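Numbering (the numbering used here), first residue to last: 46 to 198.
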């Protein structure tokens with residue numbers, strides 16, 4: 046498939062959502078009714094006697110990927126310990142590169158220098174994103190509380 050790059054990224058719409066939904070139902074049904082939670086998944090090919098053995102967490106992740114594809118979303122696999130360039134990290138946060146560099150320089154997101162280039166670990170970026178989401182939710186909750194207190198709701 047030309048729309049899938051390096052086997053790690055599937056853009057939105059590259060996979061038929063209905064096909065993904067059908068596959069997801071079959072995988073979830075298999076996981077719920079056939080496989081024990083502590084055993085590997087054995088997949089038998091329709092032709093020949095070949096058996097593909099997959100660790101259960103891998104199949105569960107595959108089901109999560111299918112769920113996203115069935116919803117029409119794109120999917121990208123990034124190793125947890127991957128290091129990202131500032132451009133890629135900024136794109137993931139949906140901010141400008143200069144704004145991201147400001148976050149890095151203020152110590153809000155850890156980074157390391159490789160020569161003159163900053164590298165951000167994927168898991169540090171996700172941790173920042175979660176904390177930022179939590180702060181935003183807390184601020185929205187506080188505004189809602191003040192709104193109710195002042196009778197503006």
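We treat Cβ as the ideally placed atom computed from N, Cα and C, and that holds for glycine. Bear in mind that the values here come from a model prediction, so they are computed numbers and not experimental data.
Collapsed DSSP secondary structure at residue 186 in the structure displayed: DSSP places residue 186 in helix when its eight states are reduced to three.
DSSP three-state assignment for residue 141, whether helix, strand or coil: Correct three-state label for residue 141: coil.
Contiguous beta strand (DSSP E) assignments of at least 3 residues, all confined to the segment 87–132: Listed in chain order, they are 96–99, 128–130.
Nearest-angstrom Cα separation, counted from residue 142 out to residue 177: Going by the C-alpha atoms only, they are around 17 angstroms apart.
Beta-carbon spacing of residue 166, residue 128 below 8 angstroms: Yes, these two residues count as a Cβ contact at 8 angstroms.
Residue 134 vs residue 122 beta-carbon contact at 8 angstroms: It is not a contact, given that the beta carbons lie outside the stated cut-off.
C-beta atoms of residue 67 and residue 84 nearer than 8 angstroms: No, the Cβ-Cβ distance between residue 67 and residue 84 is not below 8 angstroms.
Coarse secondary structure for residue 60, derived from DSSP in three states: Residue 60 falls in the coil class under three-state DSSP.
Span separating the alpha-carbon of residue 188 from that of residue 195: Straight through space, the alpha carbons of residue 195 and residue 188 are spaced by roughly 10 angstroms.
Collapsed DSSP secondary structure at residue 55 in the structure displayed: Here residue 55 sits in strand by DSSP.
Spatial distance of residue 151 from residue 182 (CA atoms): Their backbone Cα atoms lie some 22 angstroms apart in a straight line.
Local conformation of residue 158 per DSSP, three classes: Residue 158: strand per DSSP, three-state reduction.
Alpha carbon of residue 172 to alpha carbon of residue 79, nearest angstrom: Cα to Cα, the separation comes out at about 36 angstroms.
Secondary structure of residue 71, DSSP reduced to three states: In the structure shown, residue 71 sits in a helix (DSSP, three-state: H, G or I).
Nearest neighbour of residue 64, chosen from 92, 111, 106 [CA to CA]: When each option's Cα is compared against that of residue 64, the closest is 111.
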